[in-house]
Every structure is written in C-alpha cells, then in structure tokens.
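J.: Taken in order, these protein sequences are the chains called A and B. Offset between the first sequence (1-based) and our numbering: plus 4. Offset between the second sequence (1-based) and our numbering: plus 4. The following block contains the structure, expressed as structure tokens.
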Amino acid sequence: MAYSSERSQDARRGFLDPRTKLTLVLVLAVFVMGGLGGEALRPVKTILSALPFALLLAERQWKRFARGILMLGIGYGLLTVMPFLPRALNYLALLCGGILTRFVVTVVMGEYLIATTSVSEFISAMEHLHVPQAITIPMSVMFRLFPTISAEWKSIRRAMRMRGIHLGGAKASQVLEYQLVPMMTSTVRIGEELSASALTRGLGGPTRRTNICRIGFRAQDAVLLAGCVFVVGVWTLELCGVRLW
Amino acid sequence: MKTDNKLKGRDLINIGIYGAIYFVILFAVAMLGMIPIFLPLLSVLVPILGGIPFMLFLTKVKKPGMIFIMAMIMGILMLLTGMGPWPLLTCAIAGLLAEICFKSGEYRSAKKAVLSYGLFSMWIFGNYLSLFTDYEGYFAQRADYGQAYIDAVQKLMPLWMAPVLLIACFVCGLLGGLLGRALLKKHFEKAGLA
Numbered sequence: 005m006a007y008s009s010e011r012s013q014d015a016r017r018g019f020l021d022p023r024t025k026l027t028l029v030l031v032l033a034v035f036v037m038g039g040l041g042g043e044a045l046r047p048v049k050t051i052l053s054a055l056p057f058a059l060l061l062a063e064r065q066w067k068r069f070a071r072g073i074l075m076l077g078i079g080y081g082l083l084t085v086m087p088f089l090p091r092a093l094n095y096l097a098l099l100c101g102g103i104l105t106r107f108v109v110t111v112v113m114g115e116y117l118i119a120t121t122s123v124s125e126f127i128s129a130m131e132h133l134h135v136p137q138a139i140t141i142p143m144s145v146m147f148r149l150f151p152t153i154s155a156e157w158k159s160i161r162r163a164m165r166m167r168g169i170h171l172g173g174a175k176a177s178q179v180l181e182y183q184l185v186p187m188m189t190s191t192v193r194i195g196e197e198l199s200a201s202a203l204t205r206g207l208g209g210p211t212r213r214t215n216i217c218r219i220g221f222r223a224q225d226a227v228l229l230a231g232c233v234f235v236v237g238v239w240t241l242e243l244c245g246v247r248l249w
Numbered sequence: 005m006k007t008d009n010k011l012k013g014r015d016l017i018n019i020g021i022y023g024a025i026y027f028v029i030l031f032a033v034a035m036l037g038m039i040p041i042f043l044p045l046l047s048v049l050v051p052i053l054g055g056i057p058f059m060l061f062l063t064k065v066k067k068p069g070m071i072f073i074m075a076m077i078m079g080i081l082m083l084l085t086g087m088g089p090w091p092l093l094t095c096a097i098a099g100l101l102a103e104i105c106f107k108s109g110e111y112r113s114a115k116k117a118v119l120s121y122g123l124f125s126m127w128i129f130g131n132y133l134s135l136f137t138d139y140e141g142y143f144a145q146r147a148d149y150g151q152a153y154i155d156a157v158q159k160l161m162p163l164w165m166a167p168v169l170l171i172a173c174f175v176c177g178l179l180g181g182l183l184g185r186a187l188l189k190k191h192f193e194k195a196g197l198a
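Structure below.
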C-alpha cells in the first residue's frame with residue numbers, strides 16, 4: 005500500500021542521489037578548481053565543467069543556470085579580449101578571466117547541491133554512508149544556514165549603508181562592528197530557533213531516526229559515478245606516466 | 005559538579021551555527037586572496053575576523069570534543085572547496101591542541117579561550133601547505149592565471165615565508181581572540197547571547 009506522503013516524496017525526489025552530488029562536488033573541486041592534473045586532463049575537464057550546467061537544466065533551475073552561464077561568459081570574454089588590451093589591463097583581464105573560468109563551475113555545482121538537496125535527504129544520505137552524527141548534524145545545520153546568513157547579511161548591509169557605514173563610505177572603519185555583529189546576532193537567534201525545531205523533530209536523539217525521503221542510486225547516478233571513477237583513473241595513469249591521448 | 009560529557013543534539017547544532025558564521029567570514033575574506041598581495045595577508049585577516057564568531061562559540065563549549073569537531077568540519081569544507089587534503093591534517097592537529105588548551109581551563113578560563121583560539125587558527129596554515137610542499141607543481145597548476153600573477157606570488161611567497169605564516173596565524177589568532185572577547189563584552193553579553 006502506498007501512502008500519499010510516499011507518493012509526494014517520489015514526486016519531489018531529485019534527479020540525482022545526494023551521495024552522487026557530493027562526489028561530483030569533490031571531483032570538480034579537486035580537478036577543475038584545484039587544477040590537479042594540469043594540462044593533460046584538459047579534455048576531461050571540459051566535459052566535467054559542462055556537467056553542473058546540464059544538471060541545473062535537468063532540475064529546471066533556469067535562474068541559476070542563466071547566472072552561471074553569464075559569469076562563465078564574462079570569464080571567457082575577458083580571456084578572449086585580453087590580448088588586445090593595454091599592458092596593465094591585460095594582466096587584470098587574464099587574472100579575472102582565469103579565476104572566473106576556474107571557479108564558476110565549482111561554485112555552480114555547489115549551488116546545485118545546496119539548492120536541490122533538502123536537509124532530510126542530506127542526513128539520510130550521510131546515514132547510509134555511516135558518517136557519524138557528530139559530523140552530519142553540524143554540516144546539515146551549516147548547509148541550512150548559508151542561504152539565511154547571506155540574506156541576513158544583505159539586508160544588514162543595506163540598512164547600514166543608509167547610515168553611511170559601508171566600505172568606501174565616510175564611516176568605513178565601523179564596518180566590522182556594525183555589520184558583522186548584527187549579522188552574527190541574528191544568525192545565532194535564527195539558529196537557536198532552528199535548533200529548537202530540529203530537536204523537537206528528534207535530531208540527535210538517543211534512538212535511530214527514521215526518514216521518509218527517498219534516496220538511492222539510479223541509472224543516472226551510476227553513469228556519473230562511473231565518470232568520476234574514470235577521471236580519477238585517467239589521473240592515476242597520468243601519474244604513472246601513461247598518456248591516453 | 006560532574007555533568008554528562010556526551011555531546012547532545014544541541015551541542016552539535018551549536019557547532020553548525022557558529023561553524024557556518026565562521027566559514028562565511030572565512031570565505032568572504034579568502035576571496036581577497038585572489039589578489040596576490042592578499043595571499044600572505046590571509047593568515048592575518050582570517051584569524052582576526054574569525055575571532056569574533058569563535059569566541060562566541062567558545063561560550064557555548066562546555067564539553068570535550070566540540071572544538072575538535074569544528075576543526076574537522078573546517079577541514080572537510082576546505083576539501084570540498086578545492087584546497088586539497090593538507091588542511092584536514094592541520095585541522096586535526098590544531099583542533100586537538102585547541103581542545104586540550106581550553107579543557108585545561110575547564111572550559112571557563114577567558115585567558116585559555118584566547119590562547120585556544122590562537123592554536124585553533126594555526127589550521128589556516130594548511131591552506132598554504134600545497135604551495136610550500138610542491139612549489140613547482142603549485143604554479144604549474146595555476147599557469148592560466150598568467151605569468152604576472154605567478155611572478156607576484158613567487159616574490160611574495162618564498163620558502164622561508166612558511167614558518168612566518170604559521171607564526172602569523174598564531175599571533176593573529178591571539179589578537180582575534182582578544183578582539184572577539186572585547187566585542188563579546190560590548191555587544192553579545194548585552195544582547196543575552198553569551
């Protein structure tokens with residue numbers, strides 16, 4: 005017998021398993037952003053870089069997709085116009101372009117992970133991986149709080165700007181005290197409410213917590229995980245001095 | 005008074021809350037590191053600014069293990085943000101030292117709290133280790149930033165900078181701890197948070 009909540013969980017189920025998403029973030033962070041493997045892995049990296057954008061499309065996250073593409077476009081645009089710029093600007097364009105093209109991809113992947121994974125799914129995935137609660141609970145609280153903190157910080161900055169407290173303003177020296185302190189105060193307060201609600205729902209309780217959300221590996225997960233193994237394999241071969249192309 | 009020393013849900017959630025604030029500040033400051041001159045300065049700025057949330061965090065630490073878990077989570081996040089495996093190692097060491105130090109003050113001593121944050125801050129040095137342990141490889145991986153960037157960083161980061169940065173992390177950690185304490189007294193205690 006299928007409960008209606010089970011059906012709704014199936015409908016809300018994401019395209020990928022959270023564990024696959026985490027593996028992808030790690031692989032992208034190490035190979036694309038960390039630059040491991042250097043030039044030799046260039047073709048593999050190009051395919052890897054396209055991945056987060058394809059995933060955002062698969063999850064119908066149009067806005068994030070457009071923003072990521074725009075940033076990447078600016079990066080490659082800078083690299084293209086770079087040779088035609090005067091000396092000083094040339095250096096700046098190369099640096100900004102290099103940073104953007106390298107970072108945007110991993111940032112987009114991280115955004116995808118946070119936007120499409122609910123806290124329940126994350127905790128459930130971590131339990132399947134047998135990660136201790138001492139790591140999963142703080143991590144899931146952090147992922148839940150990042151968007152909140154950035155929203156809070158934005159509104160506090162706007163409020164302080166009206167009072168002339170911002171970098172480059174008349175009272176720039178007060179930025180630290182008048183922006184960081186309220187940001188922390190409100191985050192801690194939100195966090196305390198969050199903690200009360202999480203405890204009510206049995207997080208960190210003495211018995212095993214059950215979870216209704218559906219996770220598990222499907223064909224798309226298998227393909228992407230195989231891709232990750234392939235990338236690591238190519239890199240290992242490269243280290244041993246074997247060139248595939 | 006002997007209290008239950010096992011970490012409960014609330015303690016773990018507290019680690020998450022303060023860890024999130026610490027990481028956001030760390031991340032915002034680390035973005036500056038893209039500009040070569042700020043790369044060594046990160047070991048000054050991050051410990052000082054991070055001191056504010058960390059001192060607030062220490063007021064919630066009453067049981068062994070919380071500082072160590074916080075450090076390990078920073079290590080994992082560094083791994084996920086592409087800083088390589090070195091921070092995990094330094095996080096484990098720095099976290100353990102900070103834990104022992106704060107524990108010796110029975111999780112109450114204000115002086116030990118500042119010292120403990122100084123020790124904790126030394127994990128940041130792990131982010132530089134990939135540069136110092138593999139000097140050639142580090143710059144080969146960053147060839148696409150342009151020769152001007154590489155020249156600038158090489159000039160700023162000769163090998164003898166390694167111990168200097170480690171000490172800078174520690175000393176600025178102490179300063180950050182003092183700053184954090186001052187703000188704690190001025191704002192957070194009034195707001196009823198500490």
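Don't be surprised by glycine CBs; every beta carbon is placed ideally from N, CA and C. Note that the coordinates shown come from a computational prediction; the quantities given were computed from them, not determined experimentally.
State yes or no: is the beta carbon of K12(B) nearer than 8 Å to at least one beta carbon in chain A?
T.: yes
J.: Would you mind working out which of R68(A), L82(A) and H134(A) sits nearest V111(A), comparing C-alpha positions?
T.: R68(A)
J.: Any idea what DSSP makes of I41(B), helix, strand or coil?
T.: coil
J.: Do the stretch 143-156 of chain B and the stretch 53-72 of chain B meet, that is, are 3 or more Cβ pairs less than 8 Å apart?
T.: no
J.: Exposed or buried, L11(B), counting other C-beta atoms within 10 Å across all chains shown (16 or more means buried)?
T.: Burial of L11(B) is indicated by the presence of at least 16 other C-beta atoms within 10 angstroms of its C-beta.
J.: Please check if any C-beta of chain B sits within less than 8 Å of the C-beta of K49(A).
T.: no
J.: Should G1(A) be flagged as near chain B, meaning a C-beta pair shorter than 8 Å?
T.: Nothing can be reported for residue 1(A): it is not among the residues displayed for chain A, which extend from 5 to 249.
J.: Along the alpha helix (DSSP H) that carries F35(A), what are the first and last residues, could you check?
T.: Where F35(A) is concerned, there is no enclosing alpha helix (DSSP H), given that its DSSP letter is neither H nor E.
J.: Between L241(A) and C232(A), what straight-line distance do the alpha-carbon atoms span, to the nearest angstrom?
T.: 14 Å
J.: Can the beta-carbon of T105(A) be found closer than 8 Å to that of L83(A)?
T.: yes
J.: With 9 Å as the limit, tell me which residues of the stretch 142-166 of chain A have their beta carbon closer than that to any beta carbon of chain C; keep them in chain order.
T.: No chain C appears in the structure shown, which is made up of the protein chains A and B.
J.: Since Y142(B) contacts S134(B) with CB under 8 Å, what's their CB separation in whole angstroms?
T.: 6 Å
J.: Use the C-beta contact count for D8(B): other C-beta atoms within 10 angstroms, 16 or more gives buried, fewer gives exposed.
T.: exposed
J.: Whose C-beta lies closer than 7 Å to the C-beta of G79(A) among residues of the same chain, with five residues either side of it excluded?
T.: G101, L104, T105 and V108
J.: Just to confirm, is the Cβ distance from A129(A) to D225(A) under 8 Å?
T.: no
J.: Taking 8 Å as the CB-CB limit, is L128(B) close to chain A?
T.: Looking at the sequence provided, one finds Ile at residue 128(B) rather than Leu. No, its Cβ sits nowhere closer than 8 Å to a Cβ of chain A.
J.: To the nearest angstrom, report how far apart F174(B) and F106(B) are at their CA atoms.
T.: 15 Å
J.: Against chain B, does L93(A) count as a neighbour if the rule is that its beta carbon must be under 8 Å from one of theirs?
T.: no
J.: Whose C-alpha, out of F35(A), R165(A), G172(A) and F57(A), is nearest the C-alpha of W47(A)?
T.: Correcting the residue type first, residue 47(A) is Pro in the shown sequence and not Trp. Residue F35(A) holds the alpha-carbon nearest to the alpha-carbon of P47(A) among F35(A), R165(A), G172(A) and F57(A).
J.: Which term fits V33(B), buried or exposed, when burial requires 16 or more other beta carbons within 10 angstroms of its beta carbon?
T.: buried
J.: Identify whether H132(A) lies in helix, strand or coil by the three-state DSSP scheme.
T.: helix
J.: Given a threshold of 16 other Cβ atoms within 10 Å of its Cβ, counted over all protein chains shown, does M161(B) qualify as buried or as exposed?
T.: With 16 or more Cβ atoms within 10 Å of its Cβ, M161(B) is classed as buried.
J.: Verify whether the separation of the beta carbon atoms of A96(B) and L123(B) is less than 8 Å.
T.: no
J.: With a cut-off of 8 Å, does the C-beta of Q145(B) fall near any C-beta of chain A?
T.: yes
J.: In chain order, what residues of the same chain have a beta carbon less than 7 Å from the beta carbon of K76(B), not counting five sequence neighbours either side?
T.: The sequence given here has Met at residue 76(B), not Lys. The answer, listed in chain order, is C95, A96 and G99.
J.: Mapping DSSP to helix, strand and coil, what is M35(B)?
T.: helix
J.: State yes or no: is the C-beta of I56(B) within less than 8 Å of the C-beta of L187(B)?
T.: yes
J.: Could you tell me which of E131(A), E125(A), P186(A) and F57(A) sits nearest to A155(A), measuring between CA atoms?
T.: P186(A)
J.: In this structure, does DSSP put Q151(B) in helix, strand or coil?
T.: helix
J.: Identify whether Y111(B) lies in helix, strand or coil by the three-state DSSP scheme.
T.: coil
J.: So G23(B) packs on P87(A), CB below 8 Å; how close in whole Å?
T.: Contact doesn't hold; Cβ gap of about 44 Å is too wide.
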